[in-house]
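Engineer: First to last, the protein sequences are chains A and B. If you count the first sequence from 1, position 337 lands on 343 in the numbering used here, and the numbers rise without skipping. If you count the second sequence from 1, position 139 lands on 149 in the numbering used here, and the numbers rise without skipping.
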Amino acid sequence: MYMSPFTFLMCVICIASLGYGANVMAFEPTSTSPSKLPPWSQVEDTDPDPDPGETTQAVFTLNYPRIQIPFEITLWVLLASFAKIGFHVYHKITVWVPESCLLISIGLIVGGIMHSLHEKPPAVLTSNVFFLYMLPPIVLDSGYFMPTRPFFENFGTVLWFAVVGTLWNSIGIGISLFAICQIEVFGVKDITLQENFLFASIISAVEPVAVLTVFEDISVHEQLYIVVFGECLFNDAVTVVLYNLFNHVAALEVVEAGDVFLDIGRFFVVGLGGTIFGALFGFVTAFTTRFTGKVREIEPLIIFLYSYLAYLIAELLDISSIMAIVICALTMKYYVEENVSQRSCTTIRHVIKMVGSVSETLIFFFLGVVTITTEHEWNWGYILFALLFALLWRGLGILVLTQIINPFRTIPFNFKDQFGLAYGGLRGAVSFALAFTLPDSIGRKNLFITGTIVVIIFTVFIQGITIRPLLKLMNVRKTNRNQETINDEIHKRLMEHTVAGIEDLCGQWSHYYWKDKFMKFNNRILRKILIHDNHPESSIVALYKKLELQNAMEVLDQMSGDISAAPSLISLQYVSSTSRPVLLFSEVFETV
Amino acid sequence: MGASQSGPVHMFQDLAYKTGFSIEQIKNLHNRFIYLTQAEDTLRREHLENVSDLALNPIRRQIIEAFFDKRNMGEKEKGCLQEIGFEEFVTVLSFFRPPKPHTVDEEMKNIKKEKLRFLFNMHDTDNDGIITLDEYRRVVEELLSSYEIMGAETAKAITDAAMLEVASVTVGQMGPDEFYEGITFEQFMQILKDVEIETKMNIHFWNLDTRTVQCGK
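(1) Looking at the strands, I want to know which residues DSSP matches up with A/V212.
(2) Check B/V93 in the structure and name its three-state DSSP category.
(3) Would you give the residue range spanned by the alpha helix (DSSP H) that A/G180 belongs to?
(4) So, are the CB atoms of A/E239 and A/M360 less than 8 angstroms apart?
(5) Short check: CB of B/K125 to CB of B/E208, under 8 angstroms?
(6) Taking A/W82 as the reference, give the member of A/I369, A/E560, A/S327 with the closest Cα.
(7) Roughly how many angstroms separate the alpha carbons of A/S363 and B/I213, rounded to a whole number?
(8) Which of the residues in the stretch 343-357 of chain A, read from start to end, lie with their CB under 7 angstroms from any CB of chain B?
(9) Pull the bridge partners of B/Q194 from the DSSP assignment, please.
(10) Just reading off the alpha helix (DSSP H) that B/R55 is part of, what are its end residues?
(11) Would you check if the stretch 274-287 of chain A and the stretch 328-337 of chain A touch, i.e. whether three or more CB-CB distances between them fall below 8 angstroms?
(12) Compare the C-alpha of A/L393 against each of A/G431, A/L230, A/H97, A/F93 and name the closest.
(13) Does B/D51 come out as helix, strand or coil in the three-state DSSP assignment?
(14) Indicate whether A/I304 and A/T295 have their beta-carbon atoms separated by less than 8 angstroms.
(15) For A/R600, which residues in chain B fall below 7 angstroms Cβ to Cβ?
(16) Tell me the rounded alpha-carbon separation between A/Y341 and B/R70.
(17) Find out if the Cβ-Cβ distance for the pair A/A396, A/I179 is shorter than 8 angstroms.
(18) Would you call the CB atoms of B/D93 and B/T52 closer than 8 angstroms?
(19) Just the Cα atoms here: how many angstroms apart are B/Q197 and A/V460?
(20) How close, in whole Å, do the beta carbons of A/A506 and A/D522 come, if the pair is a contact with beta carbons under 8 angstroms?
(21) Chain B beta carbons: is any one of them nearer than 8 angstroms to that of A/L511?
(22) Look at the Cβ atom of A/T281, then the Cβ atom of A/M329, and state whether they are nearer than 8 angstroms.
(23) Looking at the secondary structure, which residues open and close the alpha helix (DSSP H) in which A/P4 lies?
(24) Rounded C-beta distance between A/V547 and B/T169? I'm assuming under 8 angstroms.
(25) If you drop the 5 nearest sequence neighbours on each side, which residues of the same chain put their C-beta closer than 7 angstroms to that of A/E213?
(26) Would you grab the beta carbon distance between A/N452 and A/E344 for me? Rounded to a whole angstrom, and I think it's under 8 angstroms.
(27) Does the pairing of the stretch 161-176 of chain A with the stretch 402-412 of chain A give three or more beta-carbon distances under 8 angstroms?
(28) Tell me, please, whether the CB atom of B/T209 is closer than 8 angstroms to any CB atom in chain A?
(29) Taking C-alpha atoms, which residue in A/N175, A/T154, A/S122, A/Y231 lies nearest to A/L477?
(30) Strictly under 8 angstroms for the Cβ-Cβ distance: is A/R499 near chain B by that measure?
(31) Give me the Cα-Cα distance between A/H94 and A/T80, rounded to the nearest whole angstrom.
(32) If we count Cβ pairs, one from each stretch, closer than 8 angstroms, do we get three or more for the stretch 101-113 of chain A versus the stretch 455-475 of chain A?
(33) Since A/I457 contacts A/F205 with CB under 8 angstroms, what's their CB separation in whole angstroms?
(34) Name the residue from A/R302, A/L405, A/V194 whose alpha carbon lies nearest to the alpha carbon of A/S347.
(35) Are the beta-carbon atoms belonging to A/G117 and A/I378 less than 8 angstroms from one another?
(36) With which residues is B/D254 paired in a DSSP beta bridge?
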């Protein structure tokens, strides 16, 4: 309870300083022109030159313009962080209301305050800032923490939903909206087909953060989790590619069939190119970390630099930078985490999470602020139909796509799973940023921004808040994986080897076969090149070590204070009464 | 194959009924059987050992043994056969058939129990119905044998930990003089109830193409 007045006070101080800063600058940003951050010289020009005659030394000066930009950025980030701290004070809130809702609400409040003070938000959210600074951390975060084993087991499904699903949504929504445009009554006849497709591709991008938190909370089955996760990650890539495609096409006066085919071909080049590029960078990173044994301090830096470099060079070559950075993270994670020290590993994970989370927070926050302060263009028909079609096409898409892919899956999706998938399609950060950074050549840009904001707010608030009770009510398939035990791991391995063996006997190839072959290639060649101290370890041994370590730490935690007793005495006190465990614990203490 | 069509077809239909495979799958498996045995009538251990891909599998011995284990043939007897015919081959493979869609829960439980029974038989080599520490340790050692590891000590420690887990889950706290004999089948089912055997331990018997797959010639 003591937190909230403090948080409130800090928020007020932050807003006041931002207001002050805006006043001093006499800065009127326009949200339409792609502006760079204002150069300092502009400020100095407006200040009158000091009179050369007066040279009195001021005792106390205030040089705000010098620190203005970093100061404002810091304050904005700090404000967003306080908001996050504030939410978790009341734990119940975050259970029922996803964090994105809360962030948008705070943004709305701040926007409201700024609007009433007749201030405009700083025009920092330009295309460059978003695509070069804010998006890479978010995508790196998702890519790095993607659980690899379930991902590769469901690889086909994930790609299917991400690529085909997004295409389905964009094209479906685009065509339906174009049909609506033809109706005179709504007064939007001037929107061309290309522009409709552009808008449709923007509002088909789904955002995983809120949904995944809910899924984790109610322990949903990992099949569902990984499909949602993977779909959101890859459809970012697909959406950005489509966006650029349609952007380019929208600018053309006449579209010929040849252009369309070139564009489709380009789509594949971009996607595959990004993947290969990312894998290459992943391996180079892993190779570099092989030699960083003596300079542990720069290990995290290497990881970030290489990932960012992959992103930037992919942008240079105009191939999918999101795919590049994601695949880079996926490939390098396995080798890097064996090469770097424990501390570097923790640092890497923490920094990636932190920067990704800050970026995401800022974008949602901006969303709230911009909603109030921007000039909206409202059109009942277009926007409501856009919302309707967005929901409709997603639902239809999931239904149809699942029917097609279910026969190929070992565990088919039932209707409840499909509902979870369809309802969990919240829009978020990426949609907003793409809409906000549309070029001015699009006539109805403000309409599109308004439409996107409406779709995002609807899905985040309505669907985000209701998805948890709905999933609980429907009793969606829960995960079976409660706790990792050695027996489970041993038998999983046993089962995999048995199935692989039987498949070999039957001359049968399936994903176990490929996995097996890849693991052999990995152990024989890749690990020798990329890993510094190559000790390939069975997952059973790794799990055993982890559990033993946990056990040992739990025992130590239980004894608060008196650690003077010898190890063998400890084991006698805290152990169950069969003879074997005593042996086990004392062995552990002797080797640790 | 052309001369005696009706005989095998009848046999195939019986087998299909008994094991749940489709006629098409039985035909494919029969082709594979002929391929493995090199046109002899019965399958022996040497035929299976000739499969080159299997040589790299750490538990190939147990897998091969499973085909000759009488308990997997649905018989009450215990012991091993020296050679098996096509019928036994298909019976063993039917343990890996995926459950048909829309199977009811009761049926699923039975399927799971059968698959678990298969795994249990792989452990329990002396056919006494209990997996002892030594039997378990042997399996763990084989599983770890494909990695260059510290040696037998690790396998021993892991097996001890695993047995301890089973004991604490199934029997609970034991007195200081009690000795845990081994894992019975009921206990085995209990500790593995969370692993989704019925969905993971499956092979889709579609694309069996015996012509393109080499077989250690």
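Virtual Cβ for every residue (Gly too), placed ideally from N, Cα, C.
Structural biologist: Taking the definition as stated:
(1) Counted from its first residue, the first sequence places residue 212 of chain A at position 206. In DSSP, A/V212 forms a bridge with A/R433.
(2) Here residue 93 of chain B refers to the residue found at position 83 of the second sequence. Reading off the sequence, residue 93 of chain B comes out as Glu, not Val. In this structure, B/E93 counts as strand in the three-state DSSP scheme.
(3) As a first step, residue 180 of chain A must be located in the first sequence, where it is residue number 174. That run of the alpha helix (DSSP H) goes 172-188.
(4) The residue labelled residue 239 of chain A in the question sits at position 233 within the first sequence. The residue labelled residue 360 of chain A in the question sits at position 354 within the first sequence. Glu is not the amino acid found at residue 239 of chain A; the sequence shown has Leu there. In this structure, A/M360 does not lie closer than 8 angstroms to A/L239 by Cβ.
(5) Taking the first residue of the second sequence as 1, we reach residue 125 of chain B at position 115. Taking the first residue of the second sequence as 1, we reach residue 208 of chain B at position 198. It is a contact, given that the beta carbons lie within the stated cut-off.
(6) For this step, residue 82 of chain A is matched to residue 76 along the first sequence. Among A/I369, A/E560, A/S327, the Cα nearest to that of A/W82 belongs to A/I369.
(7) Reading the first sequence from its first residue, position 357 is the one you call residue 363 of chain A. Reading the second sequence from its first residue, position 203 is the one you call residue 213 of chain B. C-alpha separation (whole angstroms): 42 angstroms.
(8) none
(9) On the second sequence, position 184 is the one that residue 194 of chain B refers to. Reading off the sequence shown, one finds Thr at residue 194 of chain B, where the question assumed Gln. The partner list for B/T194 (beta bridge, DSSP) reads B/I140.
(10) For the purposes of this step, residue 55 of chain B is identified with residue 45 of the second sequence, where counting begins at 1. 55-59 is the extent of the alpha helix (DSSP H) around B/R55.
(11) yes
(12) For the purposes of this step, residue 393 of chain A is taken as the residue at position 387 of the first sequence. Among A/G431, A/L230, A/H97, A/F93, the Cα nearest to that of A/L393 belongs to A/G431.
(13) By one-based count along the second sequence, residue 51 of chain B stands at place 41. DSSP places B/D51 in coil when its eight states are reduced to three.
(14) Taking the first residue of the first sequence as 1, we reach residue 304 of chain A at position 298. Taking the first residue of the first sequence as 1, we reach residue 295 of chain A at position 289. Taking 8 angstroms as the Cβ cut-off, A/I304 and A/T295 do not qualify as a contacting pair.
(15) The structure shown has nothing for residue 600 of chain A, since chain A only spans 7 to 598.
(16) Against the first sequence, residue 341 of chain A aligns to sequence position 335. Against the second sequence, residue 70 of chain B aligns to sequence position 60. Between A/Y341 and B/R70, the C-alpha separation is close to 29 angstroms.
(17) For the purposes of this step, residue 396 of chain A is taken as the residue at position 390 of the first sequence. For the purposes of this step, residue 179 of chain A is taken as the residue at position 173 of the first sequence. Result yes, Cβ atoms of A/A396 and A/I179 sit closer than 8 angstroms.
(18) As a first step, residue 93 of chain B is located in the second sequence; it is residue number 83 there, counting from the start. As a first step, residue 52 of chain B is located in the second sequence; it is residue number 42 there, counting from the start. A small correction: the amino acid at residue 93 of chain B is Glu; Asp does not occupy that position in the sequence shown. It is a contact, given that the beta carbons lie within the stated cut-off.
(19) On the second sequence, position 187 is the one that residue 197 of chain B refers to. On the first sequence, position 454 is the one that residue 460 of chain A refers to. Their backbone Cα atoms lie some 56 angstroms apart in a straight line.
(20) By 1-based counting over the first sequence, the position of residue 506 of chain A is 500. By 1-based counting over the first sequence, the position of residue 522 of chain A is 516. About 5 angstroms separates the two Cβ atoms, so the contact holds.
(21) Taking the first sequence and counting its residues from 1, the one referred to as residue 511 of chain A is at position 505. By this cut-off, A/L511 is an interface position.
(22) Your numbering for residue 281 of chain A matches position 275 in the first sequence. Your numbering for residue 329 of chain A matches position 323 in the first sequence. Contact: yes.
(23) Because chain A spans 7 through 598 in this model, residue 4 of chain A falls outside it and cannot be assessed.
(24) Here residue 547 of chain A corresponds to residue number 541 of the first sequence, with the count starting at 1. Here residue 169 of chain B corresponds to residue number 159 of the second sequence, with the count starting at 1. 12 angstroms between Cβ atoms; not a contact.
(25) On the first sequence, residue 213 of chain A is found 207 positions in, with the first residue counted as 1. Once the five neighbours on either side are set aside, the close Cβ partners of A/E213 are C238, L432, R433, G434, A435, V436.
(26) Mapped onto the first sequence, residue 452 of chain A falls at position 446. Mapped onto the first sequence, residue 344 of chain A falls at position 338. So it is not a contact: roughly 52 angstroms between Cβ atoms.
(27) yes
(28) Residue 209 of chain B sits at position 199 when you count from the first residue of the second sequence. Chain A contact via Cβ: present.
(29) For the purposes of this step, residue 477 of chain A is taken as residue 471 along the first sequence, with counting starting at 1. Closest by alpha carbon: A/Y231.
(30) Taking the first sequence and counting its residues from 1, one reaches residue 499 of chain A at position 493. With 8 angstroms as the cut-off, A/R499 counts as an interface residue toward chain B.
(31) Looking up residue 94 of chain A in the first sequence gives position 88. Looking up residue 80 of chain A in the first sequence gives position 74. Each residue's Cα considered, the two are about 21 angstroms apart.
(32) yes
(33) Looking up residue 457 of chain A in the first sequence gives position 451. Looking up residue 205 of chain A in the first sequence gives position 199. The question names Ile, yet the displayed sequence has Gly at residue 457 of chain A. So it is a contact: roughly 7 angstroms between Cβ atoms.
(34) Walking along the first sequence from the start, residue 347 of chain A turns up at place 341. Of the candidates A/R302, A/L405, A/V194, the one whose C-alpha sits nearest the C-alpha of A/S347 is A/R302.
(35) Here residue 117 of chain A corresponds to residue number 111 of the first sequence, with the count starting at 1. Here residue 378 of chain A corresponds to residue number 372 of the first sequence, with the count starting at 1. Contact: yes.
(36) With chain B represented from 11 up to 227, any question about residue 254 of chain B goes unanswered, as that position is not in the structure.
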